[in-house]
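Report on the following structure.
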Amino acid sequence: MSIANQPRVTREEPRAEGAILEAEHIRKYFPLRKARLFGSQRAVRAVEDTSLALYPGRATALVGESGSGKTTVARLLARMYDLTAGTIHFRGKPVDLQSASSLREYRRHVQLVFQDPFASLNPVHTVRYHLTRPLRVHGHSRNADEDTEQVLALLRKVSLSPAEQFIEKFPHQLSGGQRQRVAIARALAAQPEVLLADEPVSMLDVSIRLDVLNLLLRLKEEEQLALLFITHDIASARYFAEDTLVMYAGQMVEGGPSDDVIQQPKHPYTQLLISAAPDPERIDLNGKNLTDLPARGEIPSLITPPSGCRFHPRCPHVMPVCRERFPQRTELGGGHWTHCFLYGDGETNAGQKPLITVTKQAL
Amino acid sequence: MAVETDLLLDVKNLSVDYAAANGTVHAVTNVNFTLRRGEILGLAGESGSGKSTLAYAVSRLLRPPAAITNGEVIYYPRSQDNSDAIHITASSSRAKGGKRHDSDGSDTEPIDVLRLTPAQLRAFRWSELAIVFQSAMNALNPVMNIGKQMTDVLKVHRPLMGPDSRKQRALELLKLVGIAPDRINSYPHELSGGMRQRAVIAIALALSPEIIIMDEPTTALDVVVQREILTEIMRLREQLGFSVIFITHDLSLLLELADKVAIMYAGKLIETASRRDLYLHPRHPYSYGLLKSFPTINGPRRVMTGIPGSPPDLRNVPSGCSFHPRCPLAFDACRSVVPMLQASTRETPEQLVACHLYDERFAPDGVPSSADFAKAYLKPLAERSHSV
Numbered sequence: 002m003s004i005a006n007q008p009r010v011t012r013e014e015p016r017a018e019g020a021i022l023e024a025e026h027i028r029k030y031f032p033l034r035k036a037r038l039f040g041s042q043r044a045v046r047a048v049e050d051t052s053l054a055l056y057p058g059r060a061t062a063l064v065g066e067s068g069s070g071k072t073t074v075a076r077l078l079a080r081m082y083d084l085t086a087g088t089i090h091f092r093g094k095p096v097d098l099q100s101a102s103s104l105r106e107y108r109r110h111v112q113l114v115f116q117d118p119f120a121s122l123n124p125v126h127t128v129r130y131h132l133t134r135p136l137r138v139h140g141h142s143r144n145a146d147e148d149t150e151q152v153l154a155l156l157r158k159v160s161l162s163p164a165e166q167f168i169e170k171f172p173h174q175l176s177g178g179q180r181q182r183v184a185i186a187r188a189l190a191a192q193p194e195v196l197l198a199d200e201p202v203s204m205l206d207v208s209i210r211l212d213v214l215n216l217l218l219r220l221k222e223e224e225q226l227a228l229l230f231i232t233h234d235i236a237s238a239r240y241f242a243e244d245t246l247v248m249y250a251g252q253m254v255e256g257g258p259s260d261d262v263i264q265q266p267k268h269p270y271t272q273l274l275i276s277a278a279p280d281p282e283r284i285d286l287n288g289k290n291l292t293d294l295p296a297r298g299e300i301p302s303l304i305t306p307p308s309g310c311r312f313h314p315r316c317p318h319v320m321p322v323c324r325e326r327f328p329q330r331t332e333l334g335g336g337h338w339t340h341c342f343l344y345g346d347g348e349t350n351a352g353q354k355p356l357i358t359v360t361k362q363a364l
Numbered sequence: 007m008a009v010e011t012d013l014l015l016d017v018k019n020l021s022v023d024y025a026a027a028n029g030t031v032h033a034v035t036n037v038n039f040t041l042r043r044g045e046i047l048g049l050a051g052e053s054g055s056g057k058s059t060l061a062y063a064v065s066r067l068l069r070p071p072a073a074i075t076n077g078e079v080i081y082y083p084r085s086q087d088n089s090d091a092i093h094i095t096a097s098s099s100r101a102k103g104g105k106r107h108d109s110d111g112s113d114t115e116p117i118d119v120l121r122l123t124p125a126q127l128r129a130f131r132w133s134e135l136a137i138v139f140q141s142a143m144n145a146l147n148p149v150m151n152i153g154k155q156m157t158d159v160l161k162v163h164r165p166l167m168g169p170d171s172r173k174q175r176a177l178e179l180l181k182l183v184g185i186a187p188d189r190i191n192s193y194p195h196e197l198s199g200g201m202r203q204r205a206v207i208a209i210a211l212a213l214s215p216e217i218i219i220m221d222e223p224t225t226a227l228d229v230v231v232q233r234e235i236l237t238e239i240m241r242l243r244e245q246l247g248f249s250v251i252f253i254t255h256d257l258s259l260l261l262e263l264a265d266k267v268a269i270m271y272a273g274k275l276i277e278t279a280s281r282r283d284l285y286l287h288p289r290h291p292y293s294y295g296l297l298k299s300f301p302t303i304n305g306p307r308r309v310m311t312g313i314p315g316s317p318p319d320l321r322n323v324p325s326g327c328s329f330h331p332r333c334p335l336a337f338d339a340c341r342s343v344v345p346m347l348q349a350s351t352r353e354t355p356e357q358l359v360a361c362h363l364y365d366e367r368f369a370p371d372g373v374p375s376s377a378d379f380a381k382a383y384l385k386p387l388a389e390r391s392h393s394v
């Protein structure tokens, strides 16, 4: 399938009101080494035609399985990768990152927290070093006294107390939760407006996850951060994000207010994801309750992805048109949208009635 | 097949220490539990709580600096064992507890796994007890195709089997776990994560063991694949009737899967209960906190309290109940007296808990309800959110 077959969305969607960071129709292909000299260039099509907007003081969750492209989206937004196509607007202005100084200026506003706090901190440096570097690089501190003062303030902000004790510690002296707090403090040191958190708690113990998530929520409120919360756990999206976006094999399939998306999932993939997630509230305590899944299989290869909607080989409701092209975005009302032919192809379907009768999913 | 409910494994007072330069780590302390035939026992706990160490101690896989310092692991073999397995009933391995007689009179010698000689241990492992490790990619040999890895097991443990019947058995096993038999010559890198995990389960099943220990078998997998593997495990258990010790940090998974759940904290079992009892009324404050740490998908949103603090350093475990520094319900006795695992209340004698709140000597006011737990947990939550 070539790019030409992809539906090129020509319609100009209205610029989201008040969005601080906006990505429009971004794509990312990672080229592969050529196998044959005259063979066509192959690529991993990691992200296809994705649009999203982040708002100050609002958390947006990006949910998907591994390999769905959610981390690539975060790294594109952080400009760690170059875009293959599409634009990113920051405060309404297109982001121009030709020079190193403009990139640094952009990074002052947009910061990333990585998944693994055991790998993202340098083992030979103290907490003080990790937090002083961004302060100096972004010019928030000019001398050693200011450094200490600001580092202590940052440590208190992420609830590492007594801060005076933590400042001289090395990463190996900290627990996983404490390390992740240092990583969050390091991101905050740049005084960003946008925080991209890439699976910030998946490496942490269950009893600590909640504290770190609550910390992120508190910071979001206090600093009015626009938070992108990447997770594979759709249940935590419900609790920690106002909006939820669901991604499958590089394509955005559904999005909207978290409660709408998770309580009334429309796209068959979202329905599958939710039916597969363990949930103590769903158990039938007297019998075994491992419901059979409506769809099986795994995420397809992104080098030769399925044509049209990439979920079609696994979809229980697949139609011929699904194989031909990717459906346009259908508005379902209340900000809830999906890319699925079951609900239309681009038009508004506020009644949320599927155009084709959908058999009730085992939820 | 009908699930028999007699005893299969009885672990008594098991303790494991790690000798470290800066102090001995008591990874597992005085753990008691039983496993019945066909039962799925869920072992839950945070990392460092000793759940994997416990499982490896039961299978005698620990190496120095780990050492089993105390305890017995009594294994009760099936009564009519007419398989071609090598019998492991040498007198040195007999349990001190004496013989157990079945109703039909055939004598089966209980075996103390911890006293087996290396040769007996080789016969015991895989035929009686097999393990599925966490990371299938690391458990499989990357330069050997999966068929070879399966027949290898049969070659060593079933020397009388010919090459054709070995291959036949390998194909049978692949079919059993839902892999197309034509993948028998595939190498691990040619299989997806879920298929690899299925292959590892197939290898564990090769000799039809009585017990399978699964150490976080689905942690590295996506939710959809995880669900498929769990369904497969449940189906195979129905079909083959083996018992499972399922280790995971994901308590919500165990509530769907396990017959009985044991929760570990800092090397000790702090609560064992049926999944129903645990879900409806967790008795230990830690169990309650753990249950309230998982976000729910269905139903109304609820307050998630989590657990304040972080797990203890096992070199320096707090005195008394090791959970007391994090426990919102801790009182004086918790700091000095070590609680023992005992029946929580008269109404639920099967639900064992190690907590002074259920000991009349320390807490005469009666058993705390879930509302009491909720109130106690909410208070530090309010304090935590205000501390900036």
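Read top to bottom, the protein sequences are chains B and L. Using this note's numbering, you'd call the opening residue of the first sequence number 2 and step up by one each time. Using this note's numbering, you'd call the opening residue of the second sequence number 7 and step up by one each time. Ideal Cβ positions, reconstructed from N, Cα and C, are used throughout, including at glycine. Nothing here was measured: the structure is a model prediction, and the numbers come from that model.
{"query": "For Q151/B, three-class secondary structure by DSSP", "result": "helix"}
{"query": "Spatially closest choice to L13/L from Y81/L, N19/L, P374/L and A268/L, by CA coordinates", "result": "Y81/L"}
{"query": "Contacts that H255/L makes with chain B (C-beta to C-beta distance below 8 Å)", "result": "D206 and V207"}
{"query": "Close beta carbons around L214/B, own chain, < 8 Å, minus the five adjacent residues each side", "result": "P201, V202, S237, Y240 and F241"}
{"query": "Residue of L132/B, E243/B and L216/B minimising C-alpha distance to Q192/B", "result": "L132/B"}
{"query": "DSSP bridge partner residues for F31/B (one or two, in chain order)", "result": "V45/B"}
{"query": "Reference K140/L; option with closest CA among L227/L, E216/L and T35/L", "result": "The sequence as given places Gln at residue 140/L; Lys does not occur at that position. Closest option to Q140/L, Cα to Cα, is L227/L."}
{"query": "Neighbouring residues, chain L, relative to H313/B (Cβ below 9 Å)", "result": "Per Cβ cutoff of 9 Å: no residues; H313/B is ~16 Å from chain L at best."}
{"query": "Assumed close pair A264/L, G56/L - CB separation to whole angstroms, cut-off 8 Å", "result": "Contact flag wrong, Cβ pair sits at about 18 Å."}
{"query": "Min CB distance H233/B to chain L below 9 Å", "result": "yes"}
{"query": "Burial state of E244/L (16 or more Cβ within 10 Å)", "result": "exposed"}
{"query": "For F300/L: DSSP bridge partner residues", "result": "DSSP lists no partner for F300/L."}
{"query": "Terminal residues of the beta strand (DSSP E) in which A33/L lies", "result": "G29 to R42"}
{"query": "Residue from R84/L, A63/L and P83/L with nearest C-alpha to I74/L", "result": "A63/L"}
{"query": "Below-9 Å beta-carbon distance, S258/L vs any chain B residue", "result": "yes"}
{"query": "Beta-ladder partner(s) of W338/B, from DSSP", "result": "G256/B and E332/B"}
{"query": "Contacts around F91/B, its chain only, beta-carbon distance under 6 Å, and the 5 residues preceding and following it disregarded", "result": "L22"}
{"query": "Contact list for L303/B against chain L, beta-carbon separation under 7 Å", "result": "None at all; the shortest Cβ gap to chain L is about 13 Å."}
{"query": "Cβ contact check for the segment 219-239 of chain B and the segment 163-174 of chain B: 3 or more pairs under 8 Å", "result": "no"}
{"query": "Burial state of K298/L (16 or more Cβ within 10 Å)", "result": "buried"}
{"query": "I152/L: contacting residues in chain B (beta-carbon distance under 8 Å)", "result": "Result: empty, since nearest Cβ-Cβ is about 17 Å, beyond 8 Å."}
{"query": "T123/L, buried or exposed, once every other Cβ within 10 Å from all chains shown has been counted against 16", "result": "exposed"}
{"query": "Inter-residue Cα distance where the pair is Y271/L and G309/B", "result": "50 Å"}
{"query": "Simplified DSSP state of R210/B, which is helix, strand or coil", "result": "helix"}
{"query": "Option nearest E78/L by Cα separation, candidates S376/L, A27/L and N19/L", "result": "N19/L"}
{"query": "Inter-stretch contact at 8 Å, needing at least 3 Cβ pairs: the segment 205-222 of chain L / the segment 176-187 of chain L", "result": "yes"}
{"query": "CA-to-CA distance, R84/L to D110/L, given in whole angstroms", "result": "Only weak support exists for where D110/L lies, its pLDDT of 42 falling under 50; the coordinates are left without a value."}
{"query": "Completely contained alpha helix (DSSP H) runs for the segment 181-209 of chain L, where each covers 4 or more residues", "result": "none"}
{"query": "Identity of the residues DSSP links to I217/L by a beta bridge", "result": "L135/L and S249/L"}
{"query": "Meets three-Cβ-pair contact criterion under 8 Å: the segment 146-158 of chain B and the segment 94-103 of chain B", "result": "no"}
{"query": "Cα-Cα separation, T245/B to V74/B", "result": "14 Å"}
{"query": "C-alpha distance - A365/B paired with S121/B, whole-angstrom precision", "result": "A query on residue 365/B cannot be resolved here, the shown segment of chain B reaching from 2 to 364 and no further."}
{"query": "Beta-carbon neighbours of N38/L, restricted to chain B and to distances below 9 Å", "result": "Simply none; closest approach about 24 Å."}
{"query": "Minimum Cβ-Cβ distance from K289/B to chain L less than 9 Å", "result": "Caution applies to K289/B, whose pLDDT of 49 falls short of 50 and renders its modelled position unreliable; the model cannot decide the point."}
{"query": "Interface positions of the segment 298-312 of chain L facing chain B (Cβ-Cβ less than 8 Å), listed along the chain", "result": "S299, F300, P301, T302, I303, N304, G305, R307, M310, T311 and G312"}
{"query": "Cutoff 9 Å: F241/B Cβ touching any chain L Cβ", "result": "yes"}
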